[in-house]
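The structure appears right after this line, and notes come after that.
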Amino acid sequence: MKTAAIIPALNEINNIASVAIAAGQYVDKVIVVDDGSAKPLKQFLPLDDKIICLRHRINLGKGAAMTTGVQWAISNKFDAVIFIDADGQHHPDEIASIFSPIMNNDADVVFGVRSVHQQMPLIAKFGKVLLTTLVKVLFGIKVSDILSGYRAFRLSVYNKLAWESARYAVETEMIVNAGKNHLRCKEIPISTIYNDKYRGMTILDGIRIIFNILVWRLR
Amino acid sequence: MIGIQIGAILFVIWMTYFSYLHYRRKEFGIYEYIFWQILWIGLVVVVIYPHSVNFILNAFSINRTFDFVVIVGIIVLFGITFRNYVLLRRMERKLENFVRQDALRDKNDKE
Numbered sequence: 002m003k004t005a006a007i008i009p010a011l012n013e014i015n016n017i018a019s020v021a022i023a024a025g026q027y028v029d030k031v032i033v034v035d036d037g038s039a040k041p042l043k044q045f046l047p048l049d050d051k052i053i054c055l056r057h058r059i060n061l062g063k064g065a066a067m068t069t070g071v072q073w074a075i076s077n078k079f080d081a082v083i084f085i086d087a088d089g090q091h092h093p094d095e096i097a098s099i100f101s102p103i104m105n106n107d108a109d110v111v112f113g114v115r116s117v118h119q120q121m122p123l124i125a126k127f128g129k130v131l132l133t134t135l136v137k138v139l140f141g142i143k144v145s146d147i148l149s150g151y152r153a154f155r156l157s158v159y160n161k162l163a164w165e166s167a168r169y170a171v172e173t174e175m176i177v178n179a180g181k182n183h184l185r186c187k188e189i190p191i192s193t194i195y196n197d198k199y200r201g202m203t204i205l206d207g208i209r210i211i212f213n214i215l216v217w218r219l220r
Numbered sequence: 231m232i233g234i235q236i237g238a239i240l241f242v243i244w245m246t247y248f249s250y251l252h253y254r255r256k257e258f259g260i261y262e263y264i265f266w267q268i269l270w271i272g273l274v275v276v277v278i279y280p281h282s283v284n285f286i287l288n289a290f291s292i293n294r295t296f297d298f299v300v301i302v303g304i305i306v307l308f309g310i311t312f313r314n315y316v317l318l319r320r321m322e323r324k325l326e327n328f329v330r331q332d333a334l335r336d337k338n339d340k341e
């Protein structure tokens, strides 16, 4: 099975090289999607055939960057992809365990699930519980960590999973689409490194996601 | 003639000139230009002859011509806002596709 890691990134000049190199040990290709960073991320990446960098000339959002990575993987005949955050909060050595249900044909989509621990910011804990409950009530889908960006899927099901969200609602939309299309989903516990930031997602993004969930229910 | 009528007429003259300017710069097509001119002429007629729309006021139980103009204005604004929203979404989609194809093409060219 030909696998790729897709890393949507914006201005992650400090972490991108280490994340890409580490991920490269577990997949056939690492696709860094530079979503319009002020300094092109390509100059911070090592010269390695395994790592490629696709650059958006302007910032389109995480969801759009993920779509670009997936389209490249599809056009280059990959079988499965995994998404990793560029800020280094995911352990690349967990890639194999996340991919394993797909390799064993036990699942089409695998979600990495973070455990709630003390370092997790209170607002993130609250957001996690609120969104998980809302999705479960409205769609009957139980995914313990809706906002986790560490997830993999088989590219043959991309048409059923494809998202429209260009920004942070993408994670939730993927789960909703997986549930609506009855894809085989699995959860794998992951550990998360909380660095200096929780800057990726804002409260406003959370409110937008809640609004989107309600709209998707009506769709 | 009261002040608000004079102000409205000056506004209409100003907007008529702007419409012509956009048409001359070829930013408007002929139909767009005619649409806007009809709108401005209609407004100036209502401003100078408020009783010319009495039949509409009676039909819809509206008391004053001013109320009628405000109601029509709000309806037009809602229409324009909706159209702007649709156009913006369309532009967003086109831009996203363009940037994505540019990123993918750029990579393929270098390989």
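Quick mapping for you: the protein sequence lines, in order, are chains P and E. If you want the working numbering, it's the position in the first sequence, counting the first as 1, plus 1. If you want the working numbering, it's the position in the second sequence, counting the first as 1, plus 230. Glycine included, each C-beta is placed from N, C-alpha and C at the ideal position.
Can you give me the C-alpha to C-alpha distance between residue i and residue j, rounded to a whole angstrom?
| i | j | result |
| --- | --- | --- |
| leucine 307 of chain E | valine 171 of chain P | 32 Å |
| arginine 330 of chain E | glutamate 165 of chain P | 14 Å |
| leucine 317 of chain E | isoleucine 310 of chain E | 10 Å |
| threonine 69 of chain P | alanine 333 of chain E | 8 Å |
| proline 122 of chain P | valine 144 of chain P | 20 Å |
| alanine 1 of chain P | leucine 42 of chain P | The structure shown has nothing for residue 1 of chain P, since chain P only spans 2 to 220. |
| lysine 198 of chain P | lysine 161 of chain P | For lysine 198 of chain P, the predicted structure reports a pLDDT of 46, less than 50, and the residue's modelled location is therefore unreliable. The matter cannot be settled from this model. |
| isoleucine 301 of chain E | methionine 321 of chain E | 30 Å |
| arginine 313 of chain E | arginine 168 of chain P | 23 Å |
| methionine 2 of chain P | glutamate 262 of chain E | 57 Å |
| histidine 57 of chain P | glycine 141 of chain P | 36 Å |
Please check the pair residue i and residue j, which I expect to be a contact at CB under 8 Å, by giving their CB distance rounded to whole angstroms.
| i | j | result |
| --- | --- | --- |
| valine 34 of chain P | isoleucine 8 of chain P | 7 Å |
| phenylalanine 112 of chain P | glutamate 188 of chain P | 5 Å |
| alanine 74 of chain P | isoleucine 32 of chain P | 7 Å |
| lysine 129 of chain P | aspartate 107 of chain P | Not really, about 25 Å apart at Cβ, beyond 8 Å. |
| alanine 214 of chain P | leucine 131 of chain P | For clarity, residue 214 of chain P is isoleucine in the given sequence; the question names alanine instead. Not quite, the Cβ-Cβ distance comes to about 10 Å (not below 8 Å), so this is no contact. |
Are the Cβ atoms of residue i and residue j separated by less than 7 Å?
| i | j | result |
| --- | --- | --- |
| glycine 150 of chain P | phenylalanine 79 of chain P | no |
| aspartate 206 of chain P | arginine 155 of chain P | no |
| serine 38 of chain P | leucine 61 of chain P | no |
| alanine 23 of chain P | phenylalanine 100 of chain P | no |
| asparagine 25 of chain P | lysine 63 of chain P | What sits at residue 25 of chain P in the sequence shown is glycine, not asparagine. No, these two residues do not count as a Cβ contact at 7 Å. |
May I ask you to report which of helix, strand or coil DSSP gives residue i?
| i | result |
| --- | --- |
| lysine 78 of chain P | coil |
| alanine 279 of chain P | Because chain P here runs from 2 to 220, residue 279 of chain P falls outside it and cannot be looked at. |
| phenylalanine 241 of chain E | helix |
| arginine 115 of chain P | strand |
| isoleucine 232 of chain E | coil |
| arginine 335 of chain E | helix |
| alanine 5 of chain P | strand |
| arginine 185 of chain P | coil |
| valine 59 of chain P | Sequence check: residue 59 of chain P is isoleucine here, not valine. Of the three classes helix, strand and coil, the one that applies to isoleucine 59 of chain P here is coil, per DSSP. |
| phenylalanine 312 of chain E | helix |
request  = With 8 Å as the C-beta to C-beta threshold (strictly closer), list the residues of the region 307 to 341 of chain E near chain P in chain order.
outcome  = Glu322, Leu325, Glu326, Val329, Arg330, Asp332, Ala333, Leu334, Asp336 and Lys337
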